[in-house]
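J.:
Numbering (UniProt numbering), first residue to last: 1 to 171.
(1) Suppose you measure from the CA of residue 89 to the CA of residue 13; what does that come to, to the nearest Å?
(2) Spatial neighbours of residue 102 within its chain, please: C-beta separation below 6 Å, excluding the five flanking residues on both sides.
(3) Quick check on residue 11: does DSSP put it in helix, strand or coil?
(4) Where does residue 87 fall in DSSP's three states?
(5) Have a look at residue 5 and residue 136 and give me their C-alpha separation to the nearest angstrom.
(6) Report yes if the C-beta distance between residue 54 and residue 118 is below 8 Å; otherwise report no.
(7) Do residue 8 and residue 58 count as a contact pair if the criterion is CB distance below 8 Å?
(8) Just checking: is the beta-carbon of residue 143 within a distance shorter than 8 Å of some beta-carbon in chain B?
(9) Please state the DSSP three-state secondary structure of residue 142.
(10) How many angstroms separate the CA atom of residue 112 from the CA atom of residue 134?
(11) Considering only residues of the same chain and omitting the five flanking positions on each side of residue 51, which have a CB-CB separation below 7 Å?
(12) Kindly identify the DSSP beta-bridge partner or partners of residue 104.
Now the structure itself:
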């Protein structure tokens, strides 16, 4: 599901993550079908080309577009090539993803996740009445990676962010 992604870059990251999982399952070295493997690889290459050449604004909104000619071309290309080893794809799947993301807020829709401790919140309210404080457009915000979804969430103001000990220790 690409709907929670705010931009095409995040959509492509989710597609790439799904590809890396699927390609390992259907790899011929691990008992998968060679034709299925080639089709999965060809499909991903078509999507990668669309992304890298900026041919689409969003994969989610253009999911029904016709790409069969591109797919058949990629499929013919991979049919004539030697299949890369399983370890090649396993290493690609282990590519590290940053645990945190620092960016400028693109809209006013984000809410600071540190309700009780938000530096911008109303200090006169009791703890049980604290509400989320909005992150203004153009402000620096920091989000943490939700590994299940593959997206960043739990956004906080820069002033509200508590630097994790792993970062303090330089790990």
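Heads up, the beta-carbon is just placed ideally off N, CA and C, and yes, glycines get one too.
Since the model is a prediction, treat every value here as computed from it, not as a measurement.
T.: Taking the geometry as given:
(1) Counting from 1 along the chain shown, the entry for residue 89 is found at position 89. Counting from 1 along the chain shown, the entry for residue 13 is found at position 13. Straight-line Cα distance between these residues: approximately 16 Å.
(2) If you number the chain shown from 1, residue 102 lands on position 102. 142, listed in sequence order.
(3) If you number the chain shown from 1, residue 11 lands on position 11. The answer is helix: DSSP assigns residue 11 an H, G or I state.
(4) Position 87 of the chain shown, counted from the start, is the residue given in the question as residue 87. Residue 87 falls in the helix class under three-state DSSP.
(5) Position 5 of the chain shown holds residue 5. Position 136 of the chain shown holds residue 136. Cα to Cα, residue 5 sits roughly 19 Å from residue 136.
(6) Within the chain shown, residue 54 is the residue found at index 54, counting from 1. Within the chain shown, residue 118 is the residue found at index 118, counting from 1. The answer is no: Cβ separation not under 8 Å.
(7) Your numbering for residue 58 matches position 58 in the chain shown. Your numbering for residue 8 matches position 8 in the chain shown. Yes; because the gap between Cβ atoms is below 8 Å, this pair is in contact.
(8) Of the chains in the structure shown, none is chain B; there is only one protein chain.
(9) Locating residue 142 in the chain shown gives position 142, counting from the first residue. Here residue 142 sits in strand by DSSP.
(10) Taking the first residue of the chain shown as 1, we reach residue 112 at position 112. Taking the first residue of the chain shown as 1, we reach residue 134 at position 134. Cα-Cα distance, rounded: 6 Å.
(11) Mapped onto the chain shown, residue 51 falls at position 51. The answer, listed in chain order, is 8, 12.
(12) The residue labelled residue 104 in the question sits at position 104 within the chain shown. Bridge partners of residue 104: 140.
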